[in-house]
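Residue numbers (my numbering), protein chains in the order written: chain V, 37 to 219; chain Z, 131 to 356; chain B, 3 to 467.
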């Protein structure tokens, strides 16, 4: 069985991942306060999926190393730690799940599908972590959070679909910039 | 007034912020929640967090109104109140976390031997959110100059937005990486610290008072005085 | 005594094809040989994009460690050959100050930024404090000042202080005066001169605005066109500074006069008693101005005095704090009738190829064709705009805006980085646009380029701080 490829990160890699995280957070900043007021499980993930998918996929096309998405999740979680502490765990766990699964399946980000999968499902995987946080911290049961099952399913599918759509767009942008010699 | 030099140790601030976040949301439906809020409000006033609390008022009012409004669509009056309380609980936790100066947090992490590249990354993310806010304004102006409108040609607008944005991300991150390396930054060496972030008497006192405020409510929530 | 810096047969190419014969490779510069002694203050000059920064990057190790390039030859620093050293090792010997300080500052306060490199080098806190105090005194910066509110010149001083704090005796500064006004530039140059004369620092300054720097330097290394077929540039080393100054034809803009009487064509823009502030800085105070149709203005002034901000105000991107800016054009008309060539073409290029970029808003295919031939873009039509060189991108950005045949054209430093032939092409394109304009073309330019200023306008607005 092929092993997952592990490489050390250079300063150039870290800086790029930090900068793309900054832009990702900025892109989701206008939506965040509105989404925070909606308590429906899956709504936040759905709203953030497109920008997160798009920008993180570009990040992974540039820094094709195992752990890149986790670093993005760590950086964004650290910043969100200063605003809403539990978001740190939300981001970190989501990136661990997303990247872990992608690398188990595809071994490295040299395989384009790994990038699509990882970036596309990042936002989706915040749903289970949000559910757990809500149960532990807010005392809300899973049934309360899900509410109407049909709307919940729509939101979950929406989060995955928008995440993949964002990742696909990000990959197209990355292809074009690679052709231009920029990536 | 809040004297930045007298803030609580950054790691403690984050830890207590997390505790307040969890306990606040857990206690929202308790009849004594307002006493819980009031006691920490007084504690923060005592430790000169007044200015920070003032900064959070617009957030509480806007988000509280939005949340309460959305809940009012389907919810009972008590649900509306709880929704507003949740916003207050989040704001209370936020008082400590937003008072943390990123540089002090980074130095505290460095003292705990957290890898410097991680802490530097945090600083870069915070700093460059502002830089890219300005970059985005420039890009939007360039789009206007080319006569492209989102309402007319959304796909073209998206192209005109994202391509220059990512190019700037690439250019800026390359320049920054070179600047850091020529300023002797390395992922391998630990370096020294200009400022030591030590625990002070103020931190111990705050810890004691914080615990004194919190423990009774935890006791009550576990079924205490019956 | 060994020279501080010695360069032997140094050659650079961005053509990365391996095993390509030497004579077929396109070289930026080839077989450079020179020495720099301790305590010398050297100016490296030449047009933007000619290889100055690349040469500096070869000395400080950025090339080839952090930037890919094909190189040959040797760099010796203090007698040691540097081929196998890392950037970090070279950093202990050579300090570098780069352009665009805004994109390099990561800390909130001045003191934290200055001590950052010292922390990286493992200096003790007491030593850092001493050096910090000295640097704050030298630069005039305040310890707890917020870096976000510093002016461009102050940011550049901050980055210079960071490098000085590292203690290297060899300093490379890449266009450090770019964001500075005349007074700040003089202060920095005096400081550098003092360091070189009194403390034996070896200073290498890269700057294309020679007239400001020449009185302070010992020698000039000037990048000039090479006659060799596959080599872009060679270095011309001048030791007689007085002679060099005499040779330069410096057009003084102090004497620039408005050579034409104001006509009575319609007023396109009217600025009345305008105030505009950035943070605590009052950039415009009770400023008034009128632009009439057909006029050609050149806006002059030191860096940071508000030229680009003025353009943004006239284009409605920002609003004044008080006063009034009125225009003949409605907001909708402005988008169709105004053209604005930004300083950085990267903001304006986004289509998948040059052809679609140019034709995107071209009013007439004939004019677009003419521009393609004028700017020699025929062989590049299928290339991605971002794959072009900086000069080509600038020309393309210019072409894209004028292809729309605007009635009013704003040009922000349109000739930066262009060689003489490209400047001619650009000015010719402007003339073409003037002949095509149904209504008289109005041009407002910002420029420091003495080659272009006489052709860009005959009315001058000089802004001062």
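For every residue, glycine included, the Cβ atom is placed at its ideal position computed from N, Cα and C.
Please read all numbers here as calculations on a predicted model, not as lab measurements.
Taking a Cβ-Cβ threshold of 7 Å, the residues of chain Z close to residue 218/V are 297, 300, in chain order.
182/B is the residue among 388/B, 182/B, 31/B whose C-alpha sits nearest the C-alpha of residue 306/B. The Cβ atoms of residue 245/B and residue 208/B lie no closer than 8 Å to each other.
Beta-bridge partners assigned by DSSP to residue 276/B: 289/B. Between residue 307/Z and residue 45/B, the CB-CB gap reaches or exceeds 8 Å. Counting only Cβ-Cβ distances below 9 Å, residue 141/Z has no contacts in chain B at all, with the closest Cβ about 18 Å away.
Under the DSSP assignment, residue 363/B falls outside any alpha helix (DSSP H); it carries neither an H nor an E label. In the three-state reduction of the DSSP assignment, residue 220/B falls in the coil class, being assigned neither a helical nor a strand state.
Relative to the Cα of residue 291/Z, the nearest Cα in the group 205/V, 197/V, 148/V belongs to 205/V. The C-beta distance from residue 148/B to residue 110/B rounds to 6 Å, short enough to meet the 8 Å contact threshold.
The C-beta of residue 215/V comes closer than 8 Å to at least one C-beta of chain B. When secondary structure is reduced to three states using DSSP, residue 317/Z falls in the coil class, being assigned neither helix nor strand. Chain-ordered listing is empty here: chain B has no CB closer than 7 Å to the CB of residue 43/V, the nearest sitting near 17 Å.
Interface annotation for the region 196-212 of chain V against chain B: 212, criterion Cβ-Cβ distance under 8 Å. The shortest CA-to-CA distance from residue 89/V to any of 101/V, 105/V, 75/V, 99/V is the one to 105/V.
The beta carbons of residue 125/V and residue 114/V sit no closer together than 8 Å. Non-local C-beta neighbours of residue 65/B in its own chain, meaning closer than 6 Å and more than five positions away in sequence, comprise 59, 71, ordered along the chain. The contact set of residue 363/B on chain Z, defined by CB atoms closer than 7 Å, consists of 276, 277 in chain order. Taking every protein chain shown into account, the CB of residue 247/Z has 16 or more other CB atoms within 10 angstroms, so this residue is buried.
Within chain B, the residues whose beta carbon sits less than 8 Å from that of residue 294/Z are 348, 349, 350, 351, 352, listed in sequence order. If you check the CB distance, residue 94/V and residue 53/V do not come in under 8 Å.
Near chain B, meaning a CB-to-CB distance below 9 Å, no residue of the region 201-216 of chain Z qualifies. If the five residues before and after residue 217/Z are omitted, its C-beta is found closer than 7 Å to the C-beta atoms of 190, 193, 194, 197, all from its own chain and listed in chain order. Beta-bridge partners of residue 208/B (DSSP): 46/B, 176/B.
In terms of beta-carbon proximity, residue 249/Z stays away from the interface with chain B, with every pair separated by 8 Å or more. Shown here for residue 347/Z: same chain residues with a beta carbon closer than 6 Å to its own, the five before and five after excluded, namely 166 in chain order. Residue 294/B is bridged by DSSP to 269/B. Three or more Cβ pairs drawn from the region 375-395 of chain B and the region 350-357 of chain B lie within less than 8 Å of each other, which places the two stretches in contact. Per the Cβ contact rule, the region 251-259 of chain Z is not in contact with the region 300-318 of chain B (fewer than 3 Cβ pairs under 8 Å). Residue 333/Z: member of the alpha helix (DSSP H) spanning 331-351, first to last residue. Rounded to whole angstroms, the Cβ separation of residue 114/B and residue 233/Z is 5 Å, and the two are in contact under 8 Å. Taking the CA atoms as reference points, residue 135/V sits about 54 Å from residue 454/B. The beta carbon of residue 398/B sits no closer than 8 Å to any beta carbon of chain V.
Below the 8 Å Cβ cutoff, chain Z contributes 144, 227 as neighbours of residue 117/V, in chain order. Put simply, the region 184-201 of chain V touches the region 151-158 of chain V. At least three CB pairs are less than 8 Å apart. The C-beta distance from residue 143/V to residue 40/V rounds to 6 Å, short enough to fall under 8 Å.
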